[in-house]
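In the numbering used here, the protein residues as written are 15 to 382.
Heads up, the beta-carbon is just placed ideally off N, CA and C, and yes, glycines get one too.
Worksheet: one structure, shown below.
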Amino acid sequence: MIPVSQPWLPDREKLNKYIEQIYQSRQLTNNGPLVKQLEHRLTKYLGVKHLILVSNGTLALQIAYKALELTGEVITSPFSFVATTSSLLWQNLTPVFSDIEPHSLNIDPTAIEKKITEKTKAILPVHVFGNPCNVEAITSIANKYNLHVIYDAAHAFDSSYNGQNILNFGSISTLSFHATKLFHSIEGGAIITDSDDVAAKIRLLINFGIQQEGHIRLCGINAKMNEFSAAMGLCVLDDIDLIKSKRLAIFDKYQQQLQGKVRLQRWNLKSAPNGAYAPVILNTESTLTKVKSELAEQGITTRRYFYPSLNQLSFLPDTITCPESEDISRRILCLPIYPELAPHIQDKIISVITKYNARVESNIAGES
Ligand SMILES: *Cc1c(COP(=O)(O)O)cnc(C)c1O
15 MIPVSQPWLP DREKLNKYIE QIYQSRQLTN NGPLVKQLEH RLTKYLGVKH
65 LILVSNGTLA LQIAYKALEL TGEVITSPFS FVATTSSLLW QNLTPVFSDI
115 EPHSLNIDPT AIEKKITEKT KAILPVHVFG NPCNVEAITS IANKYNLHVI
165 YDAAHAFDSS YNGQNILNFG SISTLSFHAT KLFHSIEGGA IITDSDDVAA
215 KIRLLINFGI QQEGHIRLCG INAKMNEFSA AMGLCVLDDI DLIKSKRLAI
265 FDKYQQQLQG KVRLQRWNLK SAPNGAYAPV ILNTESTLTK VKSELAEQGI
315 TTRRYFYPSL NQLSFLPDTI TCPESEDISR RILCLPIYPE LAPHIQDKII
365 SVITKYNARV ESNIAGES
């Protein structure tokens with residue numbers, strides 16, 4: 015089967031050299047030399063102030079909430095991977111879903127204000143598929159009500175915004191370095207902040223809250239990245255320009271050949287796509303079912319990212335409706351995109367979509 019995403023494997027010889035270093039140092043984890051090296055390189059590459067590596071992107075979110083001492087309600091997007099919501103629930107926080115813009119697929123800033131109560135402590139938007147949120151509008155609401163903003167930037171590795179990195183917005187941004195993401199360290203993630211105090215606290219939290227031997231200052235957890243993951247990350251980072259350019263070539267071909275045939279995510283004008291995902295919004299859910307099964311018959315995997323809309327998860331304490339997110343969730347499909355995707359496979363995918371969804375039909379509210 016053709017997968018929807020395929021992890022990048024760097025040069026084996028290069029990876030072996032790092033593994034040799036691990037054998038020499040015998041330090042496998044606990045802020046080892048390769049983790050320090052990767053932190054340093056990523057901080058520079060992304061142009062951020064503090065970047066703390068962690069073991070995955072879900073713990074990155076949970077630690078972000080803990081570091082900011084959040085309690086009560088957090089306003090978040092219903093259109094995301096389940097970890098955005100489940101991480102809140104694990105920290106005993108209440109997710110309050112605020113609907114999305116059907117074009118950008120990001121949280122709609124004009125809907126947020128109505129969701130604010132005296133229990134609201136933060137806003138948790140997602141840069142969906144790497145597309146930057148309307149950060150100015152979100153910042154001004156947050157400032158007006160004195161709320162923290164945490165961006166789930168799991169898809170937004172290296173997304174630019176107005177000439178700087180999107181990770182520079184909000185109190186904290188989090189990244190995932192899972193094997194299927196644009197940049198990966200097998201499993202891994204990072205927490206980004208401008209605040210010296212928050213960064214210092216995060217460093218304690220990821221290591222059980224231990225300040226030094228015999229002095230445990232905070233109730234922490236174990237979220238440390240190990241040296242083997244850092245070794246993979248260092249190798250993948252060397253290849254990141256190549257990975258991006260290959261992905262963008264595939265992304266651009268989808269855009270060009272599917273334009274007008276299927277609805278595509280509208281990208282923030284102050285940014286450029288990063289090639290992380292290739293979503294298409296079909297006219298109806300039944301069209302989606304046909305496209306998905308015909309592609310499966312041809313040996314091609316697609317993924318229903320994101321379905322269901324997170325406000326419809328069965329284990330939530332109460333029900334909120336988010337019509338835009340529910341509608342998009344039912345008919346959005348992510349297509350294969352990864353550096354080695356063969357051109358003839360991409361042609362097949364494009365022709366199956368064109369067969370069932372020859373033009374954009376269904377209306378999205380607010381469409382001009
Ligand atoms: C992948 C992902 C996460 C979780 O990251 P892991 O590293 O897999 O734990 C969180 N949020 C979003 C939006 C993601 O896509």
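Q) Cα-Cα, which of GLU227, LEU107 and SER243 is closest to GLN51? A) Nearest Cα to GLN51 within the set GLU227, LEU107 and SER243: SER243.
Q: List in chain order the residues whose CB is within less than 6 angstroms of at least one heavy atom of ligand 1.
A: Residues with a Cβ closer than 6 angstroms to any heavy atom of ligand 1, in chain order: ASN70, GLY71, THR72, SER94, PHE95, ALA97, THR98, VAL140, ASP166, ALA168, HIS169, SER190, HIS192 and GLY203.
Q. Among all the DSSP beta bridges, which residues are the ones paired with HIS229?
A. Note: HIS229 sits in a beta bridge opposite GLN226.
Q) Which class does VAL250 belong to by DSSP, given the choice of helix, strand or coil? A) Secondary structure of VAL250 (DSSP, three-state): helix.
Q: Measure the Cβ-Cβ separation of LEU219 and VAL62 and say whether it is below 8 angstroms.
A: For LEU219 and VAL62, no; Cβs fall outside 8 angstroms.
Q. Roughly how far, in whole angstroms, is the beta-carbon of THR316 from the beta-carbon of LYS306, given that I think they are within contact range, below 8 angstroms?
A. The pair is a contact, with the Cβ atoms about 5 angstroms apart (cut-off 8 angstroms).
Q) CA-CA distance, THR335 and PRO92? A) Taking the straight line joining both Cα atoms gives about 10 angstroms.
(Q) In the DSSP assignment, the alpha helix (DSSP H) including LEU302 goes from what residue to what residue? (A) Looking at the DSSP string, the run of the alpha helix (DSSP H) that includes LEU302 is 299-311.
(Q) At the level of alpha carbons, what is the spacing between GLU238 and GLU375? (A) In the sequence on display, residue 238 carries Lys and not Glu. Going from the Cα of LYS238 to the Cα of GLU375 covers about 48 angstroms.
Q: Using alpha carbons as the reference points, say which of HIS198, ASP166, ALA193 and LYS195 lies closest to PHE183.
A: Nearest Cα to PHE183 within the set HIS198, ASP166, ALA193 and LYS195: ASP166.
Q: Quick one: residues in its chain with C-beta nearer than 8 angstroms to the C-beta of ARG217, no 5 flanking neighbours on either side, listed in chain order?
A: For ARG217, where only same-chain residues beyond five positions count, the Cβ hits under 8 angstroms are ILE66.
Q.
If distances are taken between C-alpha atoms only, which option among GLU83, VAL68 and ARG373 comes closest to LEU200?
A. Sequence check: residue 200 is Ile here, not Leu. Ranking GLU83, VAL68 and ARG373 by Cα distance to ILE200 puts VAL68 first.
Q) Taking the C-alpha atoms as reference points, what is the distance between GLN279 and VAL294? A) Their Cα atoms are separated by approximately 7 angstroms.
Q) What three-state label does DSSP hand TYR321 in the structure shown? A) Here TYR321 sits in coil by DSSP.
Q) PHE242 by DSSP, collapsed to three states: which one? A) DSSP places PHE242 in helix when its eight states are reduced to three.
Q) Are PRO24 and VAL250 close, meaning C-beta to C-beta below 8 angstroms? A) Yes. Within cutoff.
Q: State the beta-bridge partners of VAL88 as determined by DSSP.
A: DSSP, once it has assigned bridges, lists PRO109 and ALA136 as partnering VAL88.
Q. Along the chain, which unbroken stretches of the beta strand (DSSP E) at least 3 residues long are found entirely within the segment 20-82?
A. Listed in chain order, the complete beta strand (DSSP E) runs (minimum 3 residues) inside the segment 20-82 are 64-68.
Q.
Counting C-beta neighbours from all protein chains within 10 Å, is the total for CYS233 16 or more, i.e. buried, or is it exposed?
A. Around the CB of CYS233, fewer than 16 other CB atoms lie within 10 Å, so the residue is classed as exposed.
Q: Ignore the nearest five residues each way along the sequence and tell me which others in LEU272's own chain have a CB closer than 8 angstroms to its CB.
A: Here the set comprises LEU278, VAL294, ILE364, ILE367 and THR368.
Q. Could you give the C-beta distance for ALA290 and HIS169, rounded to a whole number, given that I count them as a contact under 8 angstroms?
A. Confirmed, about 5 angstroms.
Q.
I'd like to confirm the pairing. Which residues does DSSP put opposite GLN178 in its beta bridges?
A. Bridge pairing for GLN178: TYR175 [DSSP].
Q | Any 3 or more C-beta pairs closer than 8 angstroms across the segment 70-85 and the segment 126-141 | A | In short, these stretches touch, since the Cβ pair count reaches three.
Q. Who are the Cβ neighbours of ILE230 in its own chain at under 6 angstroms, not counting the five residues just before and after it?
A. Here the set comprises GLY223 and ILE224.
Q. Comparing alpha-carbon positions, which option in GLU311, ASN120 and SER259 lies nearest PHE143?
A. If you compare the alpha carbons of GLU311, ASN120 and SER259 with that of PHE143, the shortest gap goes to ASN120.
(Q) Which same chain residues end up closer than 8 angstroms to ILE126 when comparing Cβ atoms and leaving out the 5 residues on each side of it in sequence? (A) Excluding residues within five positions, the ones whose Cβ falls inside 8 angstroms are ILE89, SER112, ILE137, ILE152 and ILE155.
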